[in-house]
Structures are given as C-alpha cells and as structure tokens.
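One structure is given here, and the rest of the page talks about it.
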Amino acid sequence: MADGQADIGVIGMGTMGANLALNIAEKGFKVAVQNRTPAKAFALKDDNPELADNILPAETLEDFVKSLNTPRRVIFMVPAGQPVDDEMDKIRPLLEDGDVMIDAGNADFNDTVRRAKTVEGTGLKFIGMGVSGGELGARHGPSIMVGGDKDTYPLVEPVLTKIAARFHDAPCVAWLGTDGAGHFVKTIHNGIEYADMQMIAEIYGVMRDGLKLEPAKMAAIFRDWNSRELSSYLIEITAVNLDETDPQTGKPMVEVIIDEAGQKGTGRWAVIEAQKLGVGATTLEAAVAARGLSSRREEREHAAGLYAGVEAGQSQFFADEAGFSELESALVTAKIIAYAQGYAAMAAASDENGWDLPLGTIAEIWRAGCIIRSHFLDDIAKAYDKGQKVVNILQAPDFVGRVAKGQSALRRVVAKAALAGIPVPALSAALAYFDDYRRARGTANLTQAQRDLFGAHTFRRFDADGAVHHKWPAV
Ligand SMILES: NC(=O)C1=CN([C@@H]2O[C@H](COP(=O)(O)OP(=O)(O)OC[C@H]3O[C@@H](n4cnc5c(N)ncnc54)[C@H](OP(=O)(O)O)[C@@H]3O)[C@@H](O)[C@H]2O)C=CC1
Ligand SMILES: O=C(CO)[C@H](O)[C@H](O)COP(=O)(O)O
1445 MADGQADIGV
1455 IGMGTMGANL
1465 ALNIAEKGFK
1475 VAVQNRTPAK
1485 AFALKDDNPE
1495 LADNILPAET
1505 LEDFVKSLNT
1515 PRRVIFMVPA
1525 GQPVDDEMDK
1535 IRPLLEDGDV
1545 MIDAGNADFN
1555 DTVRRAKTVE
1565 GTGLKFIGMG
1575 VSGGELGARH
1585 GPSIMVGGDK
1595 DTYPLVEPVL
1605 TKIAARFHDA
1615 PCVAWLGTDG
1625 AGHFVKTIHN
1635 GIEYADMQMI
1645 AEIYGVMRDG
1655 LKLEPAKMAA
1665 IFRDWNSREL
1675 SSYLIEITAV
1685 NLDETDPQTG
1695 KPMVEVIIDE
1705 AGQKGTGRWA
1715 VIEAQKLGVG
1725 ATTLEAAVAA
1735 RGLSSRREER
1745 EHAAGLYAGV
1755 EAGQSQFFAD
1765 EAGFSELESA
1775 LVTAKIIAYA
1785 QGYAAMAAAS
1795 DENGWDLPLG
1805 TIAEIWRAGC
1815 IIRSHFLDDI
1825 AKAYDKGQKV
1835 VNILQAPDFV
1845 GRVAKGQSAL
1855 RRVVAKAALA
1865 GIPVPALSAA
1875 LAYFDDYRRA
1885 RGTANLTQAQ
1895 RDLFGAHTFR
1905 RFDADGAVHH
1915 KWPAV
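Counting along the sequence shown from 1, when you hit position 335 you're at 1779 in my numbering, and nothing is skipped either side.
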C-alpha cells in the first residue's frame, strides 16, 4: 500500500461504517478502512470489486494512518461511549498537527463537548457529527449534522457534501455549531424519531384493537396517508411492515414479532437533555417510556390477568372513510406538536450552549436521507425561511391553522381510546401539552402557594413587583 493515498479513513466496519465507506468510495474518493476485526476491512474491498480501487484496507492502525493523505481525516463509526474514547486514545499518538478526528456515530453530546475539550490546544481537531439514514442512508446518502470548530468544517465539507442525501439538489449536510451541536441535533432527531414511531404504533393499536382491522388493510390505509400530509419515510415503511407475510407461518409478519421494543439510548438522551433545559418534550418522553414498558412483557402479561375483569368501554372508533380520516388528522396534529417540542429543546440548547443553531437549516437537512424525512419537514423549513423568528412551531402561522383544524380529531381519538382502554400515551401527551401550551391562565399559582406554605419559597403577585412570602395559616 502506498503512503498517503487516501482522502479520508473510516474506523469501524459495522452496518454504518462499511456503508459509509462504500458511499465515499463510490463518490470518487479513496477511503482507508480499518476495523477491530481487520478481516472485515479486507472483505469490504473483496466484496465490492467495482469500488476496489478506491478502498484501502489496513491491518493495523499504523498502516491505516500511513495510508491517509494530510491533513488526515479519520471517521470513527463505532458504538457510542467507551469505544469512541478507546479508538481516539489509540490513534492520537499516530496523528499530527492539523489532523481531524470525526466521531460519526451517535453520541451523548456531553461526551462530544468533553472530547472537543481534550483536543483543544493539541494541534489536532475534532468533529462530532450525527449521521442519519440507517444502512441504506449511509450507503446512498445520509443526512449529516456537523458540530465542531467552524474552521475545521472545510476540511471535511467536500467529502460530506458529495456523500450526503440531496433534496432538490441541495446536499443534506450542514455545520450547525461548535463542539456538541451536531450530536445534540442528532439526539433530538432520534427523540422525534421515537415519538413519530410511537404515535404510528398507537394508531396501529387503535386499528388492531379498536377497529379489528387486518394488517393488510392497515397497510393500504398507511399507503393512502403517505400520499398526503403525512407523506414520510416512516409512514412508507409502516405500510411495508404491515403488508409483509411471515414465510414460516404464512401469518402477517407483525403478528409473529414479539411486542418488546429495543433501544440504544438516543431517545433517552433526548428527553434527559430536554428535562435539563426545562423544556417539556412530553411526547418524546411518552415514546421512550412506552419502549421501556414494552420490554417488561411478563409483568404486563401478569397485570393483564389481574385486571381481566375491568371493563373498558365500547370502542367508538369506526372503520369507514370518516373514521380513517379522523385518525389521519389526529396523527398529523400530534406530529406537529411533537416536532414543536423537539424544536423547543433545540432552541433552548442553542441559547444554553451559545450555538446559535440554524433551526431552519436543520429542517432543510432533515428533508432527505434521515429516518424522519418527510414532506412535513419542508413545511417547517419554510416556516423558518420567512425571515421572522419562530418562537415555537405552535406559533408559526401555517401550523397555527393546521393545529387549530386538526385538534378536534386528536381530541376525539384520545378520548375514544381512553374510553375503550386502548393506550395512546404519546398522542395523549401531545394533546395535553397543546392544551397546557395554549392556556393563558395556568394553575401554577396554586403550586406556588403550596411551595410558599410548606417551604417559604415565595411567589410573585400580579399587582406588585418582586417576590413575596405570605403568612399562611398554620397547618
Ligand atoms: N445502525 C443504524 O441504523 C445507525 C447507527 N448509528 C450509530 O453508528 C454507530 C455504529 O453503529 P452500527 O454500524 O450500527 O454498529 P455495528 O454494531 O453494526 O458495528 C459496530 C462496529 O464498531 C466496532 N466496534 C464495536 N465495539 C468496539 C470497540 N469496543 N472498539 C472498537 N471497535 C468496536 C465493530 O467491530 P467488530 O467488527 O470487530 O465487531 C463494528 O465494526 C453507533 O454509534 C450507532 O449508534 C447511527 C445512525 C444509524
Ligand atoms: O440513529 C439511528 C437512526 O436515526 C439508529 O438506527 C438508532 O439505533 C435508532 O435508535 P434505537 O436503536 O434506540 O431505536
């Protein structure tokens, strides 16, 4: 192997790393590849003869580093946490001033901020970058959310611009802010992804348990929805999931899959950060909690037995055009509210961390390549495009009209589900948030009174400035 041929390197030849490397090679760049199990790096070249000239596998980290031209650009695509620190520690002594380390996996943005600090003043550079789109996105065009020093971005921009997804010919990649900005945005992307998926699953639950529809019929409804406001990758794949037949049993595939959702932690990171920022991302939280409860299957089965005698009300859902349209409208409305929560978390994090996150650009680069890609994101991009500051998506004129129109459908679906005993935690959370958000006179005055009574925490009055304490009757 000749020294210094590769334009960029990828460490980690798993699902994402291998596909990202193939994408890079296909776009005409020479890519060095390395893996904990080195055989996988060599297999990538052997298995892809059409791209072999552009794939430079390395047995050792030393060979890998030698194969890169300078400044060296090294992408890590390994599991979040310790593996990233370990890989960084191993390669750092082999790198030189100006070289760039890029963590392209999912990461807790706090780790990214910490890692960015460790390279400060060393001559090395660090980028934390969220990549979304799963296996196919990595291979043919993901959405890429970049964080790090602005001056470092041009060192990776030519490659990233070529490998990213395109929306109307614009690459779905952008530098979003310093240190952890890219990974924070990816984390919120995943929190929204959880909410989108949970709300779709809840509508599936209504169709299955309230309307007694067969999966094939549900698939047809989701396909229909995919031609309108809900048009998105997740609605599209839901139709595919529901239409699939298990080759072993001949049953619908969804019926042989155990109802326990996995999770790798990114949704949890999103709601933890939203909580820390004092932003109620309650729809995202409901989605994370629902995954947690789903995994306690035996406990749920036992509880089902304990409450077998509890009568839920008669289902008031109807399997007709009007009934399906009500579900569609409820899902659209709850989706707007979930995105409003995710965007509120990003706006708060931007202020907190001094990132100046370009919220409109984020919607733009999410329009293609990523898991939550949808037509709806183009509407969000347009809301931010009008030059005016968007306080909250729920206050953007286009969305005010849509939510005002759709809220009654959401209200009816949540109410009917509650009466029928069909759980819709994310849809309910979205509705509750909306009602709380639009209520001018809330109930925190009572909370303040209680806090002042038991802890002399003080409160503020409408008719005077400053905090006061009241002498409440002794209890
Ligand atoms: N899969 C997806 O849809 C997406 C994943 N991501 C993120 O991308 C990253 C990679 O995910 P993915 O490709 O799916 O994961 P995989 O499990 O498919 O691959 C993991 C890779 O990391 C290597 N690896 C694992 N542990 C270590 C370690 N301790 N030290 C060094 N290398 C290690 C593995 O090497 P070996 O071959 O030796 O086991 C393998 O090459 C993660 O951060 C993930 O969250 C982001 C977006 C989408
Ligand atoms: O980042 C992703 C998509 O955007 C990954 O697919 C991630 O693994 C999804 O999260 P989880 O595994 O928790 O469902």
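We put the beta carbon where it would ideally sit given N, CA and C, even for glycine.
Source: prediction; values computed, not measured.
Residue i: first and last residue of the uninterrupted alpha helix (DSSP H) it sits in
i       : result
MET1697 : 1697-1700
GLN1719 : 1710-1720
TRP1669 : 1659-1669
ALA1884 : Per DSSP, ALA1884 belongs to no alpha helix (DSSP H) and is neither H nor E.
PHE1762 : Premise fails: PHE1762 is in no alpha helix (DSSP H) and is neither H nor E.
ALA1864 : 1841-1864
ILE1837 : Here ILE1837 belongs to no alpha helix (DSSP H), and DSSP marks it neither H nor E.
THR1504 : Where THR1504 is concerned, there is no enclosing alpha helix (DSSP H), given that its DSSP letter is neither H nor E.
Residue i versus residue j - alpha carbon distance
i       : j       : result
ALA1609 : PHE1473 : 17 Å
SER1511 : VAL1776 : 50 Å
ALA1446 : ARG1516 : Any reading at ALA1446 must be qualified, since the residue scores a pLDDT of 42, below 50, and its modelled position is unreliable; the value itself is stated next. Taking the straight line from one Cα to the other gives about 15 Å.
PRO1696 : MET1662 : 11 Å
LEU1803 : ASP1879 : 24 Å
LEU1655 : PHE1486 : 52 Å
LEU1728 : ASP1497 : 45 Å
PRO1493 : VAL1528 : 30 Å
GLY1757 : GLY1649 : 16 Å
ARG1558 : ASP1552 : 10 Å
ALA1825 : LEU1464 : 27 Å
Assigned secondary structure, residue i (DSSP; H/G/I helix, E/B strand, else coil)
i       : result
ALA1608 : coil
SER1818 : strand
SER1738 : helix
PHE1486 : helix
ASN1550 : coil
GLY1751 : Reading off the sequence shown, one finds Tyr at residue 1751, where the question assumed Gly. Coil at TYR1751, not helix or strand.
ALA1446 : Note that ALA1446 has pLDDT 42, beneath the 50 cutoff, so the model's placement of it is unreliable and the number below is only indicative. Correct three-state label for ALA1446: coil.
ILE1632 : helix
ALA1784 : helix
GLU1494 : helix
GLY1798 : coil
ALA1725 : coil
PRO1917 : coil
ALA1524 : coil
Residue range of the unbroken beta strand (DSSP E) whose run includes residue i
i       : result
LEU1512 : Where LEU1512 is concerned, there is no enclosing beta strand (DSSP E), given that its DSSP letter is neither H nor E.
Residues that DSSP places opposite residue i in a beta bridge
i       : result
VAL1518 : GLY1453, MET1545
PHE1570 : MET1545
ILE1588 : VAL1575, VAL1617
ILE1499 : VAL1475
ASP1911 : The identity of residue 1911 in the sequence shown is Ala, whereas the question assumes Asp. ARG1904, per the DSSP bridge assignment.
SER1769 : According to DSSP, SER1769 bridges with nothing at all.
SER1676 : SER1818
THR1689 : PRO1696
Contact test: residue i Cβ vs ligand 4 heavy atom, cutoff 7 Å
i       : result
LYS1860 : Although ligand 4 was asked about, the structure shown includes only ligand 1 and ligand 2 as ligands.
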